[in-house]
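Trainee: One structure, pasted below without further comment.
Protein chains: 4
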Amino acid sequence: MEYNEKQVQIIEAAEHLFATKGFEGASVRDIAEAAGVNIAMISYYFGSKEKLMEALFEERTSHVRLRVEALLKDNSLEPFEKVEALVDDYVERILGSQQFHKIIVCEQVINKNPVILKAVLQLKKKNMEVISKLIKDGQQKGVFRKKVDVSLMMATMFGTITQSIIGQDYYRELNGLESLSEKEFQQLLKKKLLAHIKLLFKAILIEI
Amino acid sequence: MEYNEKQVQIIEAAEHLFATKGFEGASVRDIAEAAGVNIAMISYYFGSKEKLMEALFEERTSHVRLRVEALLKDNSLEPFEKVEALVDDYVERILGSQQFHKIIVCEQVINKNPVILKAVLQLKKKNMEVISKLIKDGQQKGVFRKKVDVSLMMATMFGTITQSIIGQDYYRELNGLESLSEKEFQQLLKKKLLAHIKLLFKAILIEI
Amino acid sequence: MEYNEKQVQIIEAAEHLFATKGFEGASVRDIAEAAGVNIAMISYYFGSKEKLMEALFEERTSHVRLRVEALLKDNSLEPFEKVEALVDDYVERILGSQQFHKIIVCEQVINKNPVILKAVLQLKKKNMEVISKLIKDGQQKGVFRKKVDVSLMMATMFGTITQSIIGQDYYRELNGLESLSEKEFQQLLKKKLLAHIKLLFKAILIEI
Amino acid sequence: MEYNEKQVQIIEAAEHLFATKGFEGASVRDIAEAAGVNIAMISYYFGSKEKLMEALFEERTSHVRLRVEALLKDNSLEPFEKVEALVDDYVERILGSQQFHKIIVCEQVINKNPVILKAVLQLKKKNMEVISKLIKDGQQKGVFRKKVDVSLMMATMFGTITQSIIGQDYYRELNGLESLSEKEFQQLLKKKLLAHIKLLFKAILIEI
DNA sequence: CATGAATGAGCGTTCATTCAT
DNA sequence: TATGAATGAACGCTCATTCAT
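In structure tokens, the structure reads:
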């Protein structure tokens, strides 16, 4: 789906406001004003507020699906290198779209637009399949543990990232990182998160 | 704060509806109806919808603060045993109040009632202090690593629990656990979560 | 159903505006203003604009049903006297509630609220049954024609009254009755209509 | 006024939708979609929704005016034969354009576009003049009653036809005519209506 | 000549809250 | 103390219409 300039503005404004105020809390008036368009435009372009949310979701996830699969096929990497590449990919992507990630987290708890819920579930399923294959491969090669709970492993990755995003202001203050620019801080956070999650995944996957 | 029967009913109804529909999505009418009281009661007893949320928060967290501190003072336990006890405590508590936990997670992302945000921050700070002490103790005893990022460690615990709660239906289906009763499943989930988090914490804290 | 003062005001305002502007043309804001109440009152008391229409219909027709049946049982009257009494009753009633009658006529053509449509049909059916009995009685007594199309007879009565109501301003002007007071004119119209319809019914029912 | 193909499509769609949903109930979007044209076309071709209604009215009535006058001048017919021819003409025409007739009936009650109202009045006036002459002629020839209320006579004709159109579904069911094709039923209805109205007009016009 | 894009106004409805009782 | 009645404000959405192209 290709969107024109105004549609993109609306989607961006919606992303910001849904992330900040929630779906119910962000009124179409707010969104229209933030996007610098007439209120009627939202219904005109997207049909309804719900459909706008779905469009936002589609827009932000459509390109994602292919990336994970590509990784799997790459035969130049060892099993754990693949896992590390996967973590790199997820952390990079989620930290790069924090607003949207917040929306998805809350959407899974409240509001529960069925279209989105279904799409999220599909995405999760796809993720699980790919990662399960990846892990099975490592198990066959004798590198990974026999028993791995992939769901919990994913929960740890997504959960840790989510909590880091939510608590980043406090994290910054706590570690005296106020002097860093936003960009520098984000890079540091990414570095720390990557090391942390990779350490955890090593513990989960590899017998000591 | 002591609440009478009707007030308790309101708080319980609010907890359920805030967790299900979000703060904005749950109307005072819904809450009043679910609680079996007059609409005006909510403003009458709590002042406003926001104040009701604050009362709910206070009611659900007031007793919590003492428990962590008690743990710290217990001298009969080794450092990592203390960490394990702490994990036991958190997992037990959060899994035992999933509805409320969902509210808090979303509240940190959206709506952002300043009173609650501040209280959550205080709670986090308290947690951090206690755990930092606990870890420092272990470090001095030479059992724990020198460098531990407590924030990330906490993020992993809370994040993993949260993701497990959010994705429990999918987890159940994925692992073919539909035949279990709700209670049995919750117990299994708790067992798995505990083992998983303790494994992670060991990896974080203890050098191999 | 008993209505309080404000509800009655709303129903009356609605009757006037629905008759003047049609159901779609009359906004709840118009009605609320005309009734001197807050806009929200209409949804508050009646649930919706549609339900308000239904309430109006119910309010204006509930007492009607009994009257026709009473007539049938009256044994002191000859068949055609009964028919005349029936015409008296209908003309009296419809001319006495012209606004409402207009609404019903248009409602049968457009908008077609299913609840009302069904109720109108039931009313028609009841009418037809009673009048059919009345006519059958006259036929058995040998006073009325053998073949009478009751539907067309009713169509003539209702149609003539409706057209007279719609065209009353033009009728008044055409016959130079501007000097009459509204009340006097209504009485004259009723007199004329009664004589006219009775003449027609005699032609329909009685062989020359 | 000559209309191009698209304009004709718009007028026909408007006729159908105005008759079905009323003027206010039928949106220009509905009409444009039904006509298979762009929304902007309606304003572009007709100026506004109101003007479209006026164009529809003009289109459907312009050819009518001449027919009644022609009848009057025909000297080959007796007075009551002329009346019968007139009834034939009206019933034929109205039953042949039921949709439009419904619009006009409702338009006289609600919405009240002044242009149309004025035109309807003119049409009525013209009708009345012609029929009055026709009746005066019959009175002079001693065939018709001295006192005839032409307005009520017309009200009976139009009203009976209108009611028959409105209630045709019920009429069909009541008389067990469901097996007839739509065309057959319409022909039967016309036959019945003609006989009925002519009977009534005889009663109105001719002394027994 | 014809239309996609756009809009201000208004729609019916629901909201959290107030207040007289 | 408890509540039914009531309300102003805001909700998401659709309306007829305009206008640049």
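Residue numbers (my numbering), protein chains in the order written: chain R, 1 to 208; chain B, 1001 to 1208; chain E, 2001 to 2208; chain F, 3001 to 3208.
We put the CB at the ideal spot given by N, CA and C, even for glycine.
As the structure is a prediction and not an experimental result, all values here were calculated from the model.
1. Closer than 8 Å is the cut-off here; do at least three beta carbon pairs connect the segment 1010-1025 of chain B with the segment 168-182 of chain R?
2. Mind listing the chain B neighbours of T156/R? Cutoff is C-beta to C-beta under 9 Å, in chain order.
3. Let's see if you can read the secondary structure: which residues bound the alpha helix (DSSP H) around R3145/F?
4. Just mark Y3090/F as buried or exposed, buried being the case when its beta carbon has 16 or more other beta carbons within 10 Å.
5. Using a Cβ-Cβ cut-off of 8 Å, state whether L1152/B counts as contacting chain R.
6. Could you work out which residues of chain B lie near N38/R, taking near to mean beta carbons separated by less than 7 Å?
7. Are the CB atoms of E3084/F and K3198/F within a distance shorter than 8 Å?
8. Taking 8 Å as the CB-CB limit, is E3054/F close to chain E?
9. Is the segment 2138-2151 of chain E touching the segment 2180-2188 of chain E, taking contact as three or more C-beta pairs under 8 Å?
10. Please tell me whether M1128/B and M1157/B are closer than 8 Å, where the distance is taken between their beta carbons.
11. Compute the Euclidean distance between the alpha carbons of L189/R and A1070/B, then round it to the nearest angstrom.
12. Output, in chain order, the set of chain B residues within a Cβ distance shorter than 9 Å of K141/R.
13. Would T20/R pass as an interface residue toward chain B - the criterion being a Cβ-Cβ separation below 8 Å?
14. So, with DSSP's three-state summary, where would you put V2068/E?
15. Three-state secondary structure (DSSP) at H3101/F?
16. Does the beta-carbon of V1008/B have 16 or more other beta-carbons within 10 angstroms, so that it is buried, or is it exposed?
17. Please report the residue range of the alpha helix (DSSP H) in which G2022/E lies.
18. Count the other CB atoms within 10 Å of the CB of Q3140/F; is the residue buried (16 or more) or exposed (fewer)?
19. Which bits of chain B does D149/R rub up against, with CB to CB less than 8 Å?
20. Closest Cβ-Cβ distance between A13/R and chain B: below 8 Å?
21. Please confirm if N3111/F has its CB atom under 8 Å from at least one CB of chain E.
22. Verify whether the separation of the beta carbon atoms of I116/R and M53/R is less than 8 Å.
23. Would V2064/E pass as a contact of V2130/E if the rule is Cβ separation under 8 Å?
24. Compare the C-alpha of I3166/F against each of A2203/E, L2200/E, A2195/E, I2110/E and name the closest.
25. Could you work out which residue in Q3122/F, D3137/F, D3088/F, Q3108/F is closest to L3205/F when comparing CA atoms only?
26. For I2135/E, would you say it is in contact with chain F, using Cβ-to-Cβ distances shorter than 8 Å as the test?
27. So, using beta-carbon positions, are V2105/E and T2162/E closer together than 8 Å?
28. Expressed to the nearest angstrom, what Euclidean distance is found between the alpha-carbon atoms of I1010/B and G1096/B?
29. Hey, quick one: how far does the alpha helix (DSSP H) through L2123/E stretch, first residue to last?
30. With distances taken Cα to Cα, identify the nearest neighbour of L2123/E among E2058/E, A2032/E, D2088/E, L2180/E.
31. So, helix, strand or coil for H63/R, using DSSP?
32. If you draw a straight line from the C-alpha of I1135/B to the C-alpha of D74/R, how long is it?
33. Can you list the residues of chain E that I3010/F reaches, using a CB-CB cut of under 7 Å?
34. Do you know how far the Cα of A34/R is from the Cα of S1181/B?
35. Excluding the 5 residues flanking E2207/E on each side, which residues of the same chain have their C-beta closer than 7 Å to its C-beta?
36. Can you grab the Cα-Cα spacing for the pair F1018/B / Y2044/E, in whole Å?
Mentor: Working from what's here:
1. no
2. T1156, G1159, T1160, Q1163, H1196, I1197, L1200
3. Note, R3145/F: premise wrong, no alpha helix (DSSP H); not H, not E.
4. buried
5. yes
6. What N38/R touches in chain B: nothing, since even the nearest Cβ is about 24 Å away.
7. yes
8. no
9. no
10. no
11. 32 Å
12. None at all; the shortest Cβ gap to chain B is about 21 Å.
13. yes
14. helix
15. helix
16. exposed
17. 2005-2025
18. exposed
19. K1192, H1196
20. no
21. yes
22. yes
23. no
24. I2110/E
25. D3137/F
26. no
27. yes
28. 20 Å
29. 2114-2140
30. E2058/E
31. coil
32. 41 Å
33. In chain order: nothing, as chain E lies at least about 19 Å away.
34. 48 Å
35. R2145
36. 25 Å
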